[in-house]
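J.: Please read through the structure below; I'll follow up with questions.
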Amino acid sequence: MRVVKRDNRVVPFEFSKLKKSIEGAFLDANYSYTESDLQLVSEGAETILKEITNNCRAASYKEIIEACSKSLKDNGFSLVEQAYKKIYVTDKY
Numbered sequence: 001m002r003v004v005k006r007d008n009r010v011v012p013f014e015f016s017k018l019k020k021s022i023e024g025a026f027l028d029a030n031y032s033y034t035e036s037d038l039q040l041v042s043e044g045a046e047t048i049l050k051e052i053t054n055n056c057r058a059a060s061y062k063e064i065i066e067a068c069s070k071s072l073k074d075n076g077f078s079l080v081e082q083a084y085k086k087i088y089v090t091d092k093y
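Quick note: the sequence shown uses UniProt numbering, first residue 1, plus one each step.
Laid out in structure tokens, this is it:
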């Protein structure tokens, strides 16, 4: 899978960056989590991205945010989802 950056460059998808962004939201929300929580949400977001892009086109910044938000919410981390949106949703969205 590939990702379209905000400056329109297309780069390879890096699971570790997705996971780090979600971890940042857990920390920002001051929410206690386990490595398995983080893995579950990150893998869920990756699966959603693959579905959105049919696993054949690059995912946009907006799609990544939406996938992470949905995975957080679907896995019962609504407070963390709010923190995630505060961090990553900008007027450039």
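Glycine is no exception: its CB is placed at the ideal position from the N, C-alpha and C atoms.
Every value quoted in this text rests on a predicted model; they were computed, and no experiment measured them.
Per the contact definition of three or more C-beta pairs closer than 8 Å, is the segment 55-75 in contact with the segment 6-23?
T.: The segment 6-23 is in contact with the segment 55-75.
J.: Span of the alpha helix (DSSP H) holding VAL80?
T.: Run containing VAL80: 78-88, per the alpha helix (DSSP H) assignment.
J.: Can you give me the start and stop residues for the alpha helix (DSSP H) that LYS50 sits inside?
T.: Where LYS50 is concerned, the enclosing alpha helix (DSSP H) stretches over 35-52.
J.: Tell me whether SER21 sits in a helix, a strand or coil according to DSSP, three-state version.
T.: Looking at SER21 - three-state DSSP - the assignment turns out to be helix.
J.: Using C-beta distances below 6 Å, list every residue in its chain close to LEU49, excluding the 5 sequence neighbours before and after it, in chain order.
T.: ALA59 and ALA67, listed in sequence order.
J.: Check ALA29 in the structure and name its three-state DSSP category.
T.: Coil, per DSSP.
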